[in-house]
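J.:
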Amino acid sequence: MNYPLQYRRARALVYAVLLFWLWAWLGSSFFIAGLFGSPVHALLAMYALTIAVLVSIPALLLAVARMLLTRTRPQAGTRVSPVVTDLRTRRSPESAPIDETDWWFSDKAS
């Protein structure tokens, strides 16, 4: 079974965590240094940054595991895409369009 949205959400979370770590590595010190006018604000900022770092590590690991478990796998040497459909293939009879008279609102709609 293919779950493309789960893979995309996990990939977005990986990007968000990596962006957070890049910010924490490059710019968070300037942010925290600007809060030293008030010791309470500096303490809250340090606490929030510590919690965000500790939460981001397992979130990153779980997102990578989700990406590995739900990645698309090519079948028989062809590239399979969950969104793009080959227009040259014929539809099976069970996937044929339903006649409009079979809709529940056919008698009610004008």
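The working numbering numbers the first residue of the sequence shown as 6 and each following residue consecutively. Think of the CB as a built atom: it goes at the ideal place given N, C-alpha and C, for glycine as much as any other residue. Just so we're clear, the structure is a prediction, and the values are computed from it rather than from any experiment.
Quick one: residues in its chain with C-beta nearer than 7 Å to the C-beta of R16, no 5 flanking neighbours on either side, listed in chain order?
T.: The residue you call residue 16 lines up with position 11 of the sequence shown. Cβ neighbours of R16 beyond the five flanking positions: M72.
J.: In whole angstroms, give me the CA-to-CA distance for T75 and S43.
T.: Counting from one through the sequence shown, the residue named residue 75 turns up at place 70. Counting from one through the sequence shown, the residue named residue 43 turns up at place 38. Each residue's alpha carbon lies about 47 Å from the other.
J.: Are V22 and S61 closer than 7 Å when you measure CB to CB?
T.: For the purposes of this step, residue 22 is taken as the residue at position 17 of the sequence shown. For the purposes of this step, residue 61 is taken as the residue at position 56 of the sequence shown. Cβ atoms of V22 and S61: closer than 7 Å.
J.: Which runs of the alpha helix (DSSP H) fall wholly inside the segment 14 to 68 and span at least 4 residues, in chain order?
T.: Counting whole runs of 4 or more residues, the segment 14 to 68 contains the alpha helix (DSSP H) stretches 33 to 38.
J.: Where W28 and P63 are concerned, what is the direct C-alpha to C-alpha distance, given to the nearest angstrom?
T.: Here residue 28 corresponds to residue number 23 of the sequence shown, with the count starting at 1. Here residue 63 corresponds to residue number 58 of the sequence shown, with the count starting at 1. If you take the alpha carbons of W28 and P63, they lie about 18 Å apart.
J.: Going by other Cβ atoms of all chains shown within 10 Å of its Cβ, with 16 needed for buried, is A68 buried or exposed?
T.: Against the sequence shown, residue 68 aligns to sequence position 63. Per the 10 Å Cβ criterion, buried.
J.: Determine whether the beta carbon atoms of H46 and L54 lie at a separation below 7 Å.
T.: Position 41 of the sequence shown holds residue 46. Position 49 of the sequence shown holds residue 54. No; because the gap between Cβ atoms is not below 7 Å, this pair is not in contact.
J.: Taking only the alpha-carbon atoms, compute the straight-line gap between L48 and T77 and give it to the nearest angstrom.
T.: Walking along the sequence shown from the start, residue 48 turns up at place 43. Walking along the sequence shown from the start, residue 77 turns up at place 72. If I take the Cα positions, the gap works out to 45 Å.
J.: Give me the residue from P9, L24, Y52 with the minimum Cα distance to I37.
T.: Within the sequence shown, residue 37 is the residue found at index 32, counting from 1. Residue Y52 is the option with its Cα nearest to I37.
J.: Measuring only the C-alpha atoms, how far is F35 from A50?
T.: Along the sequence shown, one-based indexing puts residue 35 at 30. Along the sequence shown, one-based indexing puts residue 50 at 45. Cα to Cα, F35 sits roughly 12 Å from A50.
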